[in-house]
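Here is the structure we will look at.
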Amino acid sequence: MIRLSTALILFGCLIGSSNALRAEIIIDGIIDEIEWNDAQVFDEFVTVEPLSGDSAKYKTEVKLLTNPQGIYVAF
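Number 3 in my numbering belongs to position 3 of the sequence shown; there are no gaps in the numbering.
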């Protein structure tokens, strides 16, 4: 279940995103299109439970691209 706070954060990221796609992304589970090199990257995640605000246990990197047809997220 997506939390409202997560949805608001994603929405804010999209508004500030200047990484609009110029080519087609093939959704196949392989992040090999050159456009991913210019994607907006999010990697400063923290835990919420049990200790709110602590550094995440595992390094996670999320990449975000947009175009008029949709949102592309890779991790």
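Don't be surprised by glycine CBs; every beta carbon is placed ideally from N, CA and C.
Query, Result
"Provide the residue(s) that pair with Asn67 in DSSP beta bridges, ordered along the chain.", "Gly70"
"Buried or exposed: which applies to Leu51, given that a residue is buried once 16 or more other Cβ atoms fall within 10 Å of its Cβ?", "exposed"
"Pull the bridge partners of Phe45 from the DSSP assignment, please.", "According to DSSP, Phe45 bridges with nothing at all."
"When you compare the CB of Glu44 with every CB in chain D, is at least one pair closer than 9 Å?", "The structure shown has no chain D; it contains just one protein chain."
"Which residues in the same chain have their Cβ closer than 6 Å to the Cβ of Gly53, if we skip the five residues on either side of it in sequence?", "Val46"
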